[in-house]
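*Asks:* As you go down the protein sequences, you meet chains A and B in turn. So the mapping is simple: this note's numbering equals the position in the first sequence, first residue as 1, plus 251. So the mapping is simple: this note's numbering equals the position in the second sequence, first residue as 1, plus 162. For glycine and all other residues, C-beta sits at the position ideal for the given N, C-alpha and C. Below you'll find the structure I mean.
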Amino acid sequence: MLRIQPCEAARNVNDSSATNLNEPGDPTRVSPSVRDRLVRLAYRFVWNRDDAEDVVQDALAVSHERRNELRDPSKWWAWTRKIVVQQSRLSGRKSSARRVQRERLAGQDLDRASEPPDAASGELKDIVRALLQELPQRQREVIVLRHLEELAYEEIAGLLEMSVSTARVHAKCGRQTLRELLVKRHPEWAVQWTGSRVSAAT
Amino acid sequence: MDRESSERGDMNCEQARLAWHRRCDDGVADPAVDEHLRVCDDCRAYHRQMDAIEGALDELRADTESIVSRRLDRKSQLQRRTWFSTVLPLARIAAVLAVAAALAWYFASTRFTNQQSGTDRLTNSSNNEDETVATIVPPPDDVTEITLQGESASRYLAVATPTSRPGVKLFWLYPTVGESPTSDPS
């Protein structure tokens, strides 16, 4: 029952096409499809559209500043994705303050209508999304890259600068932690799945 | 978890749970797991819960795919709106100007045509006895006779002027205002 396959979009964007679309005049301008893939990647880490756009903007600026470090231009796509992941990590620390400021300026949260609902909606996917934020950073990153971005463990290991076996362990631990948190915080779900209450320790 | 419960079937509970992750990551299904799940409620619950979490992650992935496309839709709508907001006022102005120009042309050409045709009718009136020329002749140049006609309620001034046809006069009738002299009590 292997459900994880490389997604269609991943097949459509390869390193060489992405490199050609990076315009030298404006470092933050790439083709819309490449940019959207990067925004989607960032969104799955920060769960806020504006923050994701900011992350990608910052990442593209960083990738332009550090372009001399890229020896092989055909690796631009993987390299930029790695920067996006790093910038998403940084964004998590400052996004709360930025969101509060933005809401204050706008008078209301205009994004909220288009964002996925939080765990209060009661749907399992929303509960899982909320619990993802509570996972240790490495576990969360591996889970997102594996299950939401559908990357192979080799790619995940490259992006997060770890070995493949470490990435596998993080994925396993992340899923188990998700389950434990779920059973502990939402025991009603455990009953629904199993027909009997199961403790998180089992 | 006691030893008895952890070694039901050919594998223990730890192996059965690891097998779920192997199946999830590599697609490797172990028949011994099914044997174990048949007799172990805890591991069966574990597998179901992990399946549910995996399904929720799949849903999240699908949701976030559509979120970006929704953003693209909104962006393209905004672009369309921007395009329309630029072009539409210009189109409106152009349409108003075109209508105004068409009306001006129409009225100018109609007036010119009426004057022309009026002259023509006057000129050609000798060829057609039934043609009415009274309403479209040019202003009279030589007035031969001016009379006040009609009753007090509908009194008018009649101005007679000759036409190109001998013995035929054209009368210009001007309605008058004010009281009739006959109705004056003095």
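Check the Cβ of B:Met173 against every Cβ in chain A and list those closer than 9 Å, keeping chain order.
*Replies:* Per Cβ cutoff of 9 Å: no residues; B:Met173 is ~16 Å from chain A at best.
*Asks:* Do we get a CB-CB distance below 8 Å when we pair B:Ala178 with the residues of chain A?
*Replies:* For B:Ala178, the answer is no, since every Cβ of chain A falls outside 8 Å of its Cβ.
*Asks:* Counting C-beta neighbours from all protein chains within 10 Å, is the total for B:Thr338 16 or more, i.e. buried, or is it exposed?
*Replies:* Exposed is the call here.
*Asks:* Can you list, in chain order, the residues of its chain with a C-beta nearer than 6 Å to that of B:Ala322? Leave out the 5 residues immediately preceding and following it.
*Replies:* Only Thr306, Glu307, Lys331 and Phe333 meet the Cβ criterion.
*Asks:* Buried or exposed for B:Trp267, please, with buried defined as at least 16 other CB atoms from any protein chain shown within 10 angstroms of its CB.
*Replies:* By the neighbour-count rule (16 or more Cβ atoms within 10 Å), B:Trp267 is not buried but exposed.
*Asks:* Would you be able to state if there are at least three C-beta pairs under 8 Å between the segment 328–339 of chain A and the segment 305–318 of chain A?
*Replies:* Cβ pair count under 8 Å is three or more, so yes.
*Asks:* In chain B, which residues lie with their C-beta within 8 Å of the C-beta of A:Leu429?
*Replies:* Correct list: Ile215.
*Asks:* Please list the partners that B:Glu221 has in chain A, where partner means a Cβ-to-Cβ separation under 7 Å.
*Replies:* Residues of chain A passing the Cβ test: Lys376.
*Asks:* Can you name the start and end residues of the alpha helix (DSSP H) that B:Ala191 belongs to?
*Replies:* It is not in any alpha helix (DSSP H) - B:Ala191 carries neither H nor E in the DSSP assignment.
*Asks:* By the three-class DSSP mapping on this structure, what secondary structure does B:Gly329 have?
*Replies:* If DSSP states are grouped into helix, strand and coil, B:Gly329 belongs with coil.
*Asks:* Could you tell me whether the segment 207–223 of chain B touches the segment 373–385 of chain A, using the rule of 3 or more Cβ pairs below 8 Å?
*Replies:* Yes, the segment 207–223 of chain B touches the segment 373–385 of chain A.
*Asks:* May I ask you to report which of helix, strand or coil DSSP gives B:Trp334?
*Replies:* Of the three classes helix, strand and coil, the one that applies to B:Trp334 here is strand, per DSSP.
*Asks:* Once you ignore the five residues that flank B:Pro324 on each side, which residues in its own chain have a CB closer than 8 Å to its CB?
*Replies:* Taken in chain order, the residues that qualify are Asp304, Thr306, Val330, Lys331 and Leu332.
*Asks:* Does A:Pro387 come out as helix, strand or coil in the three-state DSSP assignment?
*Replies:* DSSP places A:Pro387 in coil when its eight states are reduced to three.
*Asks:* Using a Cβ cut-off of 7 Å, pull out every chain B residue sitting near A:Val379, in sequence order please.
*Replies:* Here the neighbours are Ile215, Ala218, Leu219 and Leu222.
*Asks:* Near B:Met212, what residues of its chain come up, given a Cβ to Cβ distance below 6 Å and the 5 sequence neighbours on each side ignored?
*Replies:* Contacts found: Trp182.
*Asks:* In angstroms with no decimal places, state the Cα-to-Cα distance between A:Val415 and A:Ile407.
*Replies:* Near 8 Å, if we compare the C-alpha coordinates of A:Ile407 and A:Val415.
*Asks:* Measure from the alpha carbon of A:Lys435 to the alpha carbon of each residue in A:Gln390, A:Leu382, A:Arg389 and A:Arg391, then state which is nearest.
*Replies:* Here the closest residue by C-alpha is A:Leu382.
*Asks:* Hey, A:Gln390 and A:His421 are a contact pair by Cβ (cut 8 Å); roughly how many whole angstroms apart?
*Replies:* About 5 Å; that satisfies the 8 Å criterion.
*Asks:* For B:Ala264 and B:Tyr318, I'd like the C-alpha separation in whole angstroms.
*Replies:* Spanning the two alpha carbons is a distance of roughly 39 Å.
*Asks:* Count the other C-beta atoms from every protein chain shown that fall within 10 angstroms of the C-beta of B:Thr272, then say buried if there are 16 or more, exposed otherwise.
*Replies:* With fewer than 16 other Cβ atoms within 10 Å, it is exposed.
*Asks:* What would DSSP say about B:Val201, mapped onto helix, strand or coil?
*Replies:* Helix, per DSSP.
*Asks:* What does B:Thr323 pair with, by DSSP beta-bridge criteria?
*Replies:* Answer by DSSP bridge pairing, in chain order: B:Leu332.
*Asks:* Give me, in chain order, the residues of the same chain whose beta-carbon lies closer than 6 Å to that of A:Leu289; leave out the 5 immediate sequence neighbours on both sides.
*Replies:* For A:Leu289, where only same-chain residues beyond five positions count, the Cβ hits under 6 Å are Val307 and Val335.
*Asks:* If I measure Cβ to Cβ from B:Leu310 and keep anything under 7 Å in the same chain, skipping five residues before and after, which residues do I get?
*Replies:* These residues qualify, in order along the chain: Arg317 and Leu319.
*Asks:* How many angstroms separate the CA atom of A:Ala322 from the CA atom of A:His315?
*Replies:* Residue 322 of chain A is actually Arg in this sequence, not Ala. If you take the alpha carbons of A:Arg322 and A:His315, they lie about 13 Å apart.
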